[in-house]
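Asker: Quick note, the sequence shown lines up with residues 274 to 461 if you use our numbering.
Don't be surprised by glycine CBs; every beta carbon is placed ideally from N, CA and C.
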Amino acid sequence: WDSKNNEFIHETGKMQIWPHQKRIFEHILALNKDGKFPYETVLFSCVKKSGKTTIGAAVAAWFADQSYPGTEIYVLANDLEQAEGSMMKDIKFDAREKGCSDDVIHKYDIQYPNGTTIQVLSSQYTSAAGGQQALTLFDELWGYQTEKAQRLYEEMTPIPTEKLSLRVVVTYAGFEGESQLLWDLYER
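Rendered as structure tokens:
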């Protein structure tokens, strides 16, 4: 994120965001007087092909830069291939741009020199148990329709004892009646 020029930088170039989007992200990513984010869960929903996944990747890259050493960041999607796909591709591009070598950038994770990790997780909620996640990024939550997906979402809840803890959901609306999880978020 280049705040001076109001744009996200990713492997295909620069993606400029609208002024209202800048205000939204400046608000949700600013710490309050207690040193916490103003919200535990952020739902960013836009129409298809509007850059939601790239914005999610930019949030992960920003969080990795701004957070403390040893931060755990997780990228989750409907399946491992989707999670490892475009969002991680953009995050890996950013890591290379910031000097990370290919020996710390792997297919399913990035191990930053300061101990911070960004890792892709599959829809197996049991593999998420015991994590100390500071940031979780859910891509296309409309596809979370099973009990297993619901459990994964619940397992990856923000942790109140983490210095910084945030859950970000980037998705389009999906279809009414498909994802109770997403519908519940909209109603909340």
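Can you tell me whether Asn387 is buried or exposed? The criterion is at least 16 other CB atoms within 10 Å of its CB, across all chains shown.
Answerer: Position 114 of the sequence shown, counted from the start, is the residue given in the question as residue 387. When all chains shown are included, Asn387 counts as exposed.
Asker: Going by C-alpha distance, which of Val441, Ile328, Leu437 and Ile346 is nearest Lys306?
Answerer: In the sequence shown, residue 306 corresponds to position 33, counting from 1. Closest option to Lys306, Cα to Cα, is Leu437.
Asker: How would you label Ala330, buried or exposed, when you count the other beta carbons within 10 angstroms and need 16 or more for buried?
Answerer: Translated into the one-based positions of the sequence shown, residue 330 becomes position 57. So Ala330 ends up on the buried side.
Asker: Could you tell me the boundaries of the beta strand (DSSP E) in which Ile383 lies?
Answerer: Start at 1 with the first residue of the sequence shown, and residue 383 comes out as number 110. From DSSP, the beta strand (DSSP E) with Ile383 extends over Asp382 to Gln384.
Asker: Which residue comes first and which comes last in the beta strand (DSSP E) that contains Val393?
Answerer: Position 120 of the sequence shown holds residue 393. Its beta strand (DSSP E) spans residues Thr390 to Leu394.
Asker: Identify which residue in Gln406, Arg440, Asp457 and Asp382 has its Cα closest to the Cα of Phe366.
Answerer: Walking along the sequence shown from the start, residue 366 turns up at place 93. Per the Cα distances, Asp382.
Asker: Contact check, Gly490 vs Glu345 under 8 Å by CB: the rounded distance?
Answerer: The first residue shown for the chain is 274 and the last is 461, placing residue 490 beyond what the model contains.
Asker: Starting from Gln418, follow the alpha helix (DSSP H) in both directions and report where the run begins and ends.
Answerer: Within the sequence shown, the letter at position 145 stands for residue 418. Counting along the chain, Gln418 falls outside any alpha helix (DSSP H), and DSSP gives it neither H nor E.
Asker: Might you give, ordered along the chain, the residues of its own chain that have their beta carbon closer than 7 Å to the beta carbon of Leu414, omitting 5 neighbours on each side?
Answerer: Taking the first residue of the sequence shown as position 1, residue 414 is located at position 141. Only Val442, Thr444, Ser452, Leu454 and Leu455 meet the Cβ criterion.
Asker: Can you give, in chain order, each stretch of the alpha helix (DSSP H) that sits fully within the segment 324-370 and has at least 4 residues?
Answerer: The qualifying runs are 325-339, 353-357 and 359-370.
Asker: Since Leu455 is in the alpha helix (DSSP H), which residue starts that stretch and which ends it?
Answerer: Sequence index remark: in the sequence shown, residue 455 carries index 182 (1-based). Counting along the chain, the alpha helix (DSSP H) containing Leu455 begins and ends at Gln453 to Glu460.
Asker: Please name the residue, chosen from Ala350, Trp291 and Ala303, that lies closest to Gln339 on a Cα-to-Cα basis.
Answerer: Residue 339 sits at position 66 when you count from the first residue of the sequence shown. The residue with the shortest Cα to Cα distance from Gln339 is Ala303.
Asker: With Phe298 as the anchor, note down where its alpha helix (DSSP H) starts and where it stops.
Answerer: Indexing the sequence shown from 1 puts residue 298 at position 25. Counting along the chain, the alpha helix (DSSP H) containing Phe298 begins and ends at Pro292 to Ile301.
Asker: For Leu437, name the three-state secondary structure that DSSP assigns.
Answerer: In the sequence shown, counting from the first residue as 1, residue 437 sits at position 164. Of the three classes helix, strand and coil, the one that applies to Leu437 here is coil, per DSSP.
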